[in-house]
Amino acid sequence: MVLEQFFTDYQKPSHDTRIAMNGENSVLSNLNSQQIQAWFENRWVLEKKKKDASVFKLLNETMTAMWRVLILENDLLHGEVQQFLRQMEYICELLQHASLESFLALEVPRSVFKNVKVVATRRLLLLHNEYLHNEVQQMHRERGYICNLEENV
Numbered sequence: 001m002v003l004e005q006f007f008t009d010y011q012k013p014s015h016d017t018r019i020a021m022n023g024e025n026s027v028l029s030n031l032n033s034q035q036i037q038a039w040f041e042n043r044w045v046l047e048k049k050k051k052d053a054s055v056f057k058l059l060n061e062t063m064t065a066m067w068r069v070l071i072l073e074n075d076l077l078h079g080e081v082q083q084f085l086r087q088m089e090y091i092c093e094l095l096q097h098a099s100l101e102s103f104l105a106l107e108v109p110r111s112v113f114k115n116v117k118v119v120a121t122r123r124l125l126l127l128h129n130e131y132l133h134n135e136v137q138q139m140h141r142e143r144g145y146i147c148n149l150e151e152n153v
């Protein structure tokens, strides 16, 4: 189409350029300057919609890829947390079954046994505290990420 050819050369033609287009081309002779301007405005809107659609498509593809990576990372972290919890349960079991007799059999003084049990319990509580702290941080990161997504959409 003739106007499409002009659009590639003059995306925003002035009034004088539109009148010149009308005079140069017999196909456009039955259109006035306002009609040509309206066509160009509609064409700009169409071009902008195409550009916006491609940007949104690219953004959607990027966000989908990021979401997939986050899901994989979440699965990995979930596996690590499960392993940590199993180790913590094992340590708790060891502490519950640790008895004075088992330490006496190793000729460990009673005071050392109590100290070992207290230190082990303290370390276990510190590990549990660290685990809970990391869980809270992860929740805050996820909440921040979701808020950023909502703001950008």
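Residue 153 is where the sequence shown ends in the UniProt record's numbering, and the numbering goes up by one at each step.
No residue lacks a Cβ here, since even glycine has one placed at the ideal position from N, Cα and C.
Can we say the stretch 127-138 touches the stretch 36-53, given the rule of at least three CB pairs closer than 8 Å? no
If contacts are defined as beta-carbon pairs under 8 Å, then Ser33 and Arg43 qualify, I think. What distance do you get, rounded to the angstrom? Contact doesn't hold; Cβ gap of about 15 Å is too wide.
Just the C-alpha distance for Lys12 and Leu77, rounded to the nearest angstrom, thanks. 54 Å
In its own chain, which residues sit with a C-beta less than 8 Å from the C-beta of Met63, not counting the 5 before and 5 after it? Leu149
Threshold first: 4 residues or longer. Then list the alpha helix (DSSP H) segments lying entirely within the UniProt domain "Homeobox" (1-50), N to C. 2-9 and 15-24
Let me confirm a value: Ile146 is counted as buried when at least 16 other C-beta atoms fall within 10 Å, else exposed. Which label applies? exposed
Are the stretch 116-125 and the stretch 80-87 in contact at 8 Å, needing three or more beta carbon pairs? no
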